[in-house]
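Visitor: Residue numbers (our numbering), protein chains in the order written: chain A, 16 to 166; chain B, 16 to 166.
Number of protein chains: 2
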Amino acid sequence: MMENEIMERLEKANYRLTGQRKAVLEVMKDNRGQHLTAEEVLMAAREKMPNIGIATVYRSLECFSSLDILYKTTFDEGKYRYELSDQHCHQHHHVICPNCGKITEVEQDFLFQVEKHLEDQGYEVIDHQLTIYAYCPKCAKEKEIEDMSNK
Amino acid sequence: MMENEIMERLEKANYRLTGQRKAVLEVMKDNRGQHLTAEEVLMAAREKMPNIGIATVYRSLECFSSLDILYKTTFDEGKYRYELSDQHCHQHHHVICPNCGKITEVEQDFLFQVEKHLEDQGYEVIDHQLTIYAYCPKCAKEKEIEDMSNK
DNA sequence: ATGAAATTGATAATTATTATCAATGATATA
DNA sequence: TATATCATTGATAATAATTATCAATTTCAT
Chain A
16 MMENEIMERL EKANYRLTGQ RKAVLEVMKD NRGQHLTAEE VLMAAREKMP
66 NIGIATVYRS LECFSSLDIL YKTTFDEGKY RYELSDQHCH QHHHVICPNC
116 GKITEVEQDF LFQVEKHLED QGYEVIDHQL TIYAYCPKCA KEKEIEDMSN
166 K
Chain B
16 MMENEIMERL EKANYRLTGQ RKAVLEVMKD NRGQHLTAEE VLMAAREKMP
66 NIGIATVYRS LECFSSLDIL YKTTFDEGKY RYELSDQHCH QHHHVICPNC
116 GKITEVEQDF LFQVEKHLED QGYEVIDHQL TIYAYCPKCA KEKEIEDMSN
166 K
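#1: Scan the region 140-154 of chain A for residues whose Cβ lies nearer than 9 angstroms to a Cβ of chain B and list them as they occur along the chain.
#2: Counting Cβ pairs closer than 8 angstroms, one from the region 134-142 of chain A and one from the region 137-150 of chain B, do we hit at least three?
#3: Who are A:ASP142's beta bridge partners in DSSP?
#4: Using only the alpha-carbon positions, how far apart do A:ASN46 and A:LEU85 sit?
#5: For the candidate residues B:LEU57, B:SER81, B:ILE111 and B:ASP91, whose alpha-carbon lies nearest to that of B:SER100?
#6: What did DSSP end up calling B:ILE111 once you bin it into helix, strand or coil?
#7: For A:LYS87, which three-state DSSP category applies?
#8: Considering only residues of the same chain and omitting the five flanking positions on each side of A:TYR10, which have a CB-CB separation below 6 angstroms?
#9: When we look at the beta-carbon of A:ALA70 and count the other beta-carbons within 10 Å, is it buried (16 or more) or exposed?
#10: At 9 angstroms on the CB atoms, spell out the chain A contacts of B:ASP91, in chain order.
#11: What is the rounded straight-line gap between the Cα of B:PRO152 and the Cα of B:GLU130?
#12: If you draw a straight line from the C-alpha of B:GLU41 to the C-alpha of B:GLU92, how long is it?
#13: Assuming A:ARG203 is part of the alpha helix (DSSP H), what are its boundary residues?
#14: Which same chain residues end up closer than 7 angstroms to A:SER75 when comparing Cβ atoms and leaving out the 5 residues on each side of it in sequence?
#15: Quick check: the Cα distance between A:LEU32 and A:HIS50, rounded to an integer number of angstroms?
#16: State the DSSP-derived secondary structure class of A:LEU133, mapped to helix, strand or coil.
#17: Would you mind telling me which residues of chain A sit closer than 8 angstroms to B:TYR73, beta carbon to beta carbon, in chain order?
#18: Does A:LYS27 have its Cβ less than 9 angstroms from a Cβ in chain B?
#19: Could you tell me the boundaries of the alpha helix (DSSP H) in which B:MET58 lies?
#20: Would DSSP call B:THR33 helix, strand or coil?
#21: Out of B:GLU62, B:TYR97, B:PRO65 and B:ASP135, which has the shortest C-alpha to C-alpha gap to B:CYS78?
#22: Just to confirm my understanding: we take B:ALA28, look at its own chain, exclude 5 residues before and 5 after, and list those with CB closer than 7 angstroms. What are they?
#23: Three-state secondary structure (DSSP) at A:LYS166?
#24: Tell me, to the nearest whole angstrom, how far the beta carbon of A:TYR73 is from that of A:ALA53; I am working on the premise that it is less than 8 angstroms.
#25: Going straight from the alpha carbon of A:LEU57 to that of A:ILE67, what length do you get?
#26: In terms of alpha-carbon separation, which member of A:GLU20, A:VAL110 and A:ARG24 lies closest to A:GLY48?
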C-alpha cells in the first residue's frame with residue numbers, strides 16, 4: 016500500500032498520524048509477512064518510542080485494522096495477531112505447524128469456485144480466511160524418525 | 016461417532032465418563048451442527064445437572080476436544096466455540112454473515128488440491144479451517160435496499 | 001473395605017482486551 | 001497569535017474468557 020493511500024484513509028476517518036501510530040506502522044512494515052501480537056508490537060514500538068503504552072498500541076492496531084491497513088486475525092491461541100494487509104491481498108491462507116509453530120502462507124487462490132457457488136445462492140462474499148494445520152517439512156521429517164524409534 | 020468409540024477414547028486416555036461429562040456431551044449432541052460457547056454449554060448442561068460448575072464445563076470441553084470428540088474453534092470474537100466433531104468430518108467450512116451473525120456450513124470439499132500441493136512440498140497436513148465472511152442471502156438483500164435509499 | 005487416582009465445585013489467578021479519565025497535543029478559526 | 005475544539009495519550013481500572021488451585025468427593029481396582 017502506498018504511503019499517501021494510508022494518509023488518505025486516516026484523514027477520511029479523522030485520524031491523525033501521530034508519532035505513536037507512525038511507530039506502530041513502522042513496526043508492522045519492519046515485519047512484513049509476520050503475524051504479530053499486540054505485546055510483540057509494543058516491544059518493538061518501544062525501540063522507536065520508549066514511552067508508548069499498551070493501550071495506545073491496541074488503539075493504533077484497532078485504528079489501522081478498521082481502515083483495512085492491517086489485517087486482524089487469530090490462530091486459536093486466545094489472542095489476536097496483526098499483519099500488514101497488503102501482504103496477502105485479502106487472501107489469508109496460512110499454514111501452521113503444530114510442532115514448531117511456524118506460519119507460512121499459501122499463495123494459490125483456488126477459493127474462487129466456492130465463493131462463486133455461494134454467490135450463486137445469493138451470498139455476498141466479503142472476505143475469507145483459510146488456515147491449514149500441517150507439520151512443516153522439517154518437523155514432519157523429525158516426527159517420522161521419532162515414530163520409527165518408538166516402534 | 017459411535018457411543019463405544021467415544022468410550023474407547025476416554026478409557027484409553029484414563030478419563031471417566033462422569034455424570035457431568037455425560038451432560039456436556041448430551042448438550043453437544045442436542046445441538047448438532049451448532050457452535051456453542053462454554054457459557055452456552057453451561058446453561059444447557061444445568062438443565063440436566065443443576066450443580067455443574069463452569070470449571071467442569073471447561074474441563075469437559077477440553078477433555079473431549081483433546082480426544083477429537085469435539086472440535087474447538089473461534090470466529091474472532093475473543094472466545095472459543097465447540098461443536099461435535101463428527102458433524103463435519105474434519106472439514107470446517109464456515110460462512111459467517113457479518114450482519115446477522117448466522118453461521119452456515121459449506122459442504123463441498125475442494126481443498127484437496129491445496130493440500131496435495133503442500134504434501135508435495137513435504138508438509139504433513141493434519142486439519143484445516145476455512146471461514147468465509149459473506150452476507151447471507153437475506154442480509155445481502157436488505158443491504159441492497161438500504162444502499163439504494165442512501166443514494 | 002480400602003487405598004490410589006480421577007473428578008468435582010468454588011474460587012482465586014491469569015491473560016488479553018477494552019473502558020475511563022485527566023493531561024497533552026494538534027488544528028482550525030477568529 | 002490566541003484560543004476553542006477535538007483527537008490522542010499514558011496510566012490504570014474494569015471486564016471477559018480461560019486456567020490454576022485446592023480441599024472434598026467419587027470411582028475403580030484390588
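No residue lacks a Cβ here, since even glycine has one placed at the ideal position from N, Cα and C.
Guide: According to the structure data:
#1: VAL140, ILE141, ASP142, HIS143, GLN144, LEU145, THR146, ILE147, TYR148, ALA149, TYR150, CYS151, PRO152, LYS153 and CYS154
#2: yes
#3: B:TYR148
#4: 12 angstroms
#5: B:SER81
#6: strand
#7: strand
#8: The first residue shown for chain A is 16 and the last is 166, placing residue 10 of chain A beyond what the model contains.
#9: exposed
#10: LYS87, THR88, THR89, TYR95 and GLN144
#11: 30 angstroms
#12: 25 angstroms
#13: Coverage of chain A is limited to positions 16 through 166, which leaves residue 203 of chain A absent and any answer about it impossible.
#14: GLN35, ARG36 and VAL39
#15: 22 angstroms
#16: helix
#17: Chain A residues near B:TYR73: none, gap ~12 angstroms exceeds 8 angstroms.
#18: no
#19: 53-63
#20: coil
#21: B:TYR97
#22: LEU82
#23: The predicted position of A:LYS166 is uncertain, since its pLDDT is 49 and thus under 50; a value taken from the coordinates is nonetheless stated next. In this structure, A:LYS166 counts as coil in the three-state DSSP scheme.
#24: 6 angstroms
#25: 8 angstroms
#26: A:VAL110
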